[in-house]
Structure formats: C-alpha cells, structure tokens
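Engineer:
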Amino acid sequence: MGDGTTYRKSLSISKASLLAVICFLIGFVTRGNLGDLSSTKMILPTTQKDVDGEDPSPGALRNAQVIEIDDDDDSVHKDDDLGEKDVKNLAGGVTEEEMEEEKLNSEDSNALDKVGALGDEYLTELKFQLLSTAPRSVMYRNFASDADCDAIVEAARSRLHKSGLALKRGETLETTKNIRTSSGTFLTSKMEQSGALKRVEEKMARATHIPATHGEAYNILRYEIGQKYDSHYDMFDPSQYGPQRSQRVASFLLYLTTPDEGGETVFPLEGQNGLYRLRGIDYTSCEAGLKVKPRKGDALLFWSVHPNNTFDRSSLHGGCPVISGTKFVATKWIHDNRWTL
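So for the sequence shown, my numbering puts the first residue at 52; every next one is plus one.
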C-alpha cells in the first residue's frame, strides 16, 4: 500500500491437499496433461457460527466438506492411461484414498476431534452469547443435555458434604462460616460412570481452547432454599493466600438444574466503570451489577485475568440465595498450566 502498511494473508492447507497439488504438477510436467481427476476430492473447511448464525464463533474449524468432481464433467480433461498405480508412484507410494484415510484416522485419534456418544454436533457449531468484556464472560446455551445433567447430579448426590472455603490470612472457620453455605463434592470424569462428565469435559476443552488437564476436578455444588455464596474471587491473590504454584485464570460453570427462583450468579463490579462500586461494597448483596439466571444445561465461562494475565478485579462474583427450588451447578476452575494435586 502507498502508506507503507503491509497486509498479510495466512493460508492453511491440509497435507492431503498439498500432496494432491504436487501430483498435479508432476503429472502436468511429465505427461503434459492433468491426469485422471475422476477421483479427485477438494477439501473445503466449514465455518462455525455464533448464536445469530452470522459471525464465526471463537472455536477453531473442526470439520471439512468433501466435494467430489463429477466424472461426466466435460470441462475436466481425463487421461485413462494414468491409473491408480501411476498416481501412487507420483505420491511417493501413497494413493489419495490412503492419504484421506490417514487424515481421518489422525483426526479420530485426537481427543478434541471426537464426536460425543450422544451425537452432539458441536464439532461444527457452538452457540454462545457474549455477556460482558469486564469481566470477559460468555454464556453457552444448551451446552449439556438434560440426561447428562441428571447423571452428574445423581453421581454427586451421595457424596455431598458442607462446602469448604479457602481461608485468607487472618481468617478463621468461625469468621467465615456464613460466607458459603452450600453442600458440595469433587468429581472427576473417571468417577462418573455414565460418561456424562467426560463428554462435558471434552466439550469444555473445545469451548475454552484449554486442555482439560489444566482444570481442577469438578466441584459439584447444591444450593437449597436460603443457601448462597457471598461475592469472592476464584483467583488466589498471593498477597492474601501466599505463593501459588499454579493460578486459576478462568472458571467454567455448568448449571445442572433450574431453581424456581433465585440462585443467580452475580458480578457486582461488572462493566468498564464497575470498579467504582468496590468502595463500600456489600459482599452479601445481589442488587448491583450483572446477574445470570441459572438454567439447566447452560454453561457460563468467565476469566479472572485480563488478556495480559493480570488480575481482573471485575471478576468478583457470587451465588445469590435460592428462594425456591434447588440449584445444582458443576464448577471447573481452569489454571494457567497443567493442574496437579
């Protein structure tokens, strides 16, 4: 451009497509024609859409559409003398069919590319709703099926006990006993026999682009009438909790039930100018900020850090008291590196 600005475009091409192009060039140079294109396949990536079906979602492209060229297309020149053996020799001993099979096998071996047992088509589409940029937060509607939510609840029900709380310097069990009044337990995908938690975990890895190995075990929580969790941070401030070998950078909440009333997740400091509410804040209040209503199967992702990995104070959040019904939620805390106990 005249102003000296450089514009670049990136091009992504599969190995199979690259080898097909090489075969084409060799055939063109050595034989003077295009060879037999009757079985040629073009691999076209499909796009992902947001909740409105227009813009690409943050997820990566996962699938490919295969278009076969019609044998009867007169616009394609064919050379019947160039058979499968010739194509195999030109490609270094591998036919296009074998290359395609190898590509599919490679994709199937990747855990992030496996379709869920219930036929969930999240490989090509993952609907979401942007809630806020302060904190960065996204809602995934109908993230999990009712059946999977029910299975997770049943797996956790017999293991529930009074929820614990990480203590800051100077705090005691007595002074913090009313901050978190829910019941809970920790579950891993191996502990949940139906496979529901494993499906959720694999899908969560796609949604966040962070491997499941970076997350703690799921904290399954039950909130009955009147129970709540006062506003708090999930990230551990070293000045209050001491040095951390690994830090929580994001939180993923899957709502397993829909309470009749109450139980919202509240962000009292939400918004670009929300930090002014920090002065004189009531950590028990659910009146100010952004409130997210829990709905069975929906998932909420929010970040505790800014893109530069610094602490985001607007990520302060809490669980409002349940007024009617029961609230179950599965929480996954995501770390900045592999999580180990």
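Where a beta carbon is used, it is the ideal one built from N, C-alpha and C, also for glycine.
Which word fits Y327, buried or exposed, when buried means at least 16 other C-beta atoms lie within 10 angstroms of its C-beta?
Structural biologist: Burial call: exposed.
Engineer: Could you name the residues that DSSP lists as bridge partners for K254?
Structural biologist: Looking at the DSSP assignment, K254 forms no beta bridge with any residue, so it has no partner.
Engineer: At what residue ranges does the segment 288-324 contain a whole run of the alpha helix (DSSP H), taking only runs of 4 or more?
Structural biologist: Listed in chain order, they are 289-292.
Engineer: Can you give me the Cβ contacts of L307 inside the same chain, cut-off strictly under 7 Å, excluding the 5 residues immediately before and after it?
Structural biologist: Contacts found: C200, I203, V204, K347, F379, V380, A381.
Engineer: Hey, how far is the Cα of N193 from the Cα of Y292?
Structural biologist: For N193 and Y292, the distance between alpha carbons rounds to 36 Å.
Engineer: Within this structure, are the beta carbons of S366 and M286 separated by less than 9 Å?
Structural biologist: Yes.
Engineer: Answer with buried or exposed for N359, where buried requires no fewer than 16 other C-beta atoms within 10 angstroms of its C-beta.
Structural biologist: Classification for N359: exposed.
Engineer: Can you check which of these residues, T232, R187, A206, is closest to S396 by C-alpha distance?
Structural biologist: With the chain represented from 52 up to 392, any question about residue 396 goes unanswered, as that position is not in the structure.
Engineer: Give the straight-line distance between the Cα atoms of P372 and Y284, rounded to the nearest whole angstrom.
Structural biologist: Rounded to whole angstroms, P372 to Y284 spans 18 Å at the Cα level.
Engineer: Taking the CB atoms as reference points, tell me whether F318 and H368 lie closer together than 9 Å.
Structural biologist: In contact: F318 and H368 (Cβ atoms closer than 9 Å).
Engineer: Please name the residue, chosen from P289, L248, K178, D387, that lies closest to A198 on a Cα-to-Cα basis.
Structural biologist: Comparing Cα-Cα distances from A198 to each of P289, L248, K178, D387, the minimum goes to L248.
Engineer: Classify E105 as buried or exposed, calling it buried when 16 or more other Cβ atoms lie within 10 Å of its own Cβ.
Structural biologist: With a pLDDT of 38 at E105, under the threshold of 50, the predicted position of this residue should be treated as unreliable, and no value is reported.
Engineer: Pop quiz: Y269 and K383 are said to be a contact at Cβ under 8 Å. What is the actual Cβ separation, rounded to whole angstroms?
Structural biologist: Yes, Y269 and K383 are in contact; Cβ-Cβ is about 5 Å, under 8 Å.
Engineer: Could you tell me the distance, in whole angstroms, from the CA atom of M242 to the CA atom of T236?
Structural biologist: Answer to the nearest angstrom: the Cα atoms are 12 Å apart.
Engineer: Quick check on the DSSP output: what are the complete beta strand (DSSP E) runs of length 3 or more inside the segment 345-379, in order along the chain?
Structural biologist: Complete beta strand (DSSP E) runs here, min 3: 350-354, 368-370, 373-375.
Engineer: Would you report the Cα separation of S209 and T239, rounded to the nearest angstrom?
Structural biologist: Roughly 15 Å separates the two Cα atoms.
Engineer: Have a look at W390, S375, T391 and flag the residue whose alpha-carbon is nearest the alpha-carbon of Q278.
Structural biologist: Minimum Cα distance to Q278 is reached at S375.
Engineer: Measure the alpha-carbon distance for S245 versus A258 and round it to whole angstroms.
Structural biologist: Cα to Cα, S245 sits roughly 22 Å from A258.
Engineer: Cα separation between I261 and T184?
Structural biologist: Distance between the alpha carbons of I261 and T184: 19 Å.
Engineer: State the Cα-Cα distance for the pair D349 and R296, rounded to the nearest angstrom.
Structural biologist: One C-alpha to the other measures close to 31 Å.
Engineer: Going by alpha carbons, who is nearest to Y274 out of L211, I332, R330, V356?
Structural biologist: If we check each option's Cα against that of Y274, L211 comes out closest.
Engineer: Would DSSP call Y191 helix, strand or coil?
Structural biologist: Strand, per DSSP.
Engineer: Verify whether the separation of the beta carbon atoms of A301 and I230 is less than 9 Å.
Structural biologist: No, the Cβ-Cβ distance between A301 and I230 is not below 9 Å.
Engineer: Considering only the alpha carbon of each residue, which of P294, Q298, R250 lies closest to E267?
Structural biologist: If we check each option's Cα against that of E267, Q298 comes out closest.
Engineer: With distance defined between alpha-carbon atoms, name the residue in G314, L351, R364, T309 nearest to I332.
Structural biologist: It is R364.
Engineer: For D288, which residues in the same chain have their Cβ closer than 8 Å to its Cβ, ignoring the five residues on either side in sequence?
Structural biologist: The answer, listed in chain order, is F362.
Engineer: Pick helix, strand or coil for T239, following the three-state DSSP scheme.
Structural biologist: Note: T239 maps to coil in three-state DSSP.
Engineer: Can you check which of these residues, T309, L329, N388, is closest to T377 by C-alpha distance?
Structural biologist: Of the candidates T309, L329, N388, the one whose C-alpha sits nearest the C-alpha of T377 is T309.
Engineer: Could you name the residues of the same chain whose beta carbon sits closer than 6 Å to that of G322, not counting the 5 residues immediately before and after it, in chain order?
Structural biologist: The answer, listed in chain order, is A185.
Engineer: Let me confirm a value: G329 is counted as buried when at least 16 other C-beta atoms fall within 10 Å, else exposed. Which label applies?
Structural biologist: Note on identity: in this sequence residue 329 is Leu, with Gly being the wrong assignment. It is exposed - the Cβ of L329 has fewer than 16 other Cβ atoms within 10 Å.
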